[in-house]
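Student: Residue numbers (the numbering used here): -5 to 105. Dropping a structure here in structure tokens format, bear with me for questions.
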Amino acid sequence: MSESAELDKAFLALADPVRRAIIARLSRGPATVTELAEPHAMTKQAVSKHIHVLEQAGLVTRSRDAQRRPVHLDAAALERLTAWIDRYRLVAEGRNRRLDAVLSEMKEKER
């Protein structure tokens, strides 16, 4: 799958507030579907569907621990998203710094 397709899946998955809340919870450590469903007014089946979307996007994984199937955050996947965002953030910050410098020069010339 191309980098663009992976980004599309990840950002689409993160567009939903419930899925973002799940990611936030998993940032503190693995959790079961039951634990992830607790703060939401929805069924475990609905939360499982959200987890499935996050799995398909490569943002979370599941493991098996006897009867438990904890969900884990894939930190490397979030790191890839952050790296992609940072590329464009750094470009924008560079432009803003150049604009600030030009505006400062203009103010100095006015004095």
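Cβ coordinates follow ideal geometry from the N, Cα and C atoms, glycine included.
1. Taking the alpha-carbon positions, what's the TYR82 to ALA60 distance?
2. Looking at THR76 and ASP68, is the spacing between their C-beta atoms short of 8 Å?
3. Indicate whether ALA71 and LEU93 have their beta-carbon atoms separated by less than 8 Å.
4. Express the C-alpha separation of ALA15 and PRO64 in angstroms, rounding to a whole number.
5. Smallest Cα separation from LEU8: which of GLY23, GLU49, ASP80 and HIS66?
6. Taking C-alpha atoms, which residue in PRO11, ALA51, LYS103 and THR28 lies nearest to LYS3?
7. Inspect the beta-carbon positions of VAL41 and VAL27 and report whether they are closer than 8 Å.
8. Sort out for me which residues DSSP pairs THR55 with in a bridge.
9. Given this structure, state the Cα-to-Cα distance separating LEU1 from ARG74, to the nearest angstrom.
10. SER57 and HIS44 - do their beta-carbons sit closer together than 8 Å?
Tutor: Checking against the coordinates, here is how it stands:
1. Approximately 44 Å, taken between the alpha carbons.
2. No, Cβ-Cβ distance for ASP68 and THR76 is not below 8 Å.
3. No Cβ-Cβ contact shorter than 8 Å links ALA71 with LEU93.
4. It is roughly 16 Å from the alpha-carbon of PRO64 to the alpha-carbon of ALA15.
5. Comparing Cα positions, the closest option is GLU49.
6. Of PRO11, ALA51, LYS103 and THR28, the residue nearest in Cα terms is ALA51.
7. Taking 8 Å as the cut-off, the beta carbon of VAL41 is found closer than this to the beta carbon of VAL27.
8. THR55 pairs with HIS66.
9. Distance between the alpha carbons of LEU1 and ARG74 is about 9 Å.
10. If you check the CB distance, HIS44 and SER57 do not come in under 8 Å.
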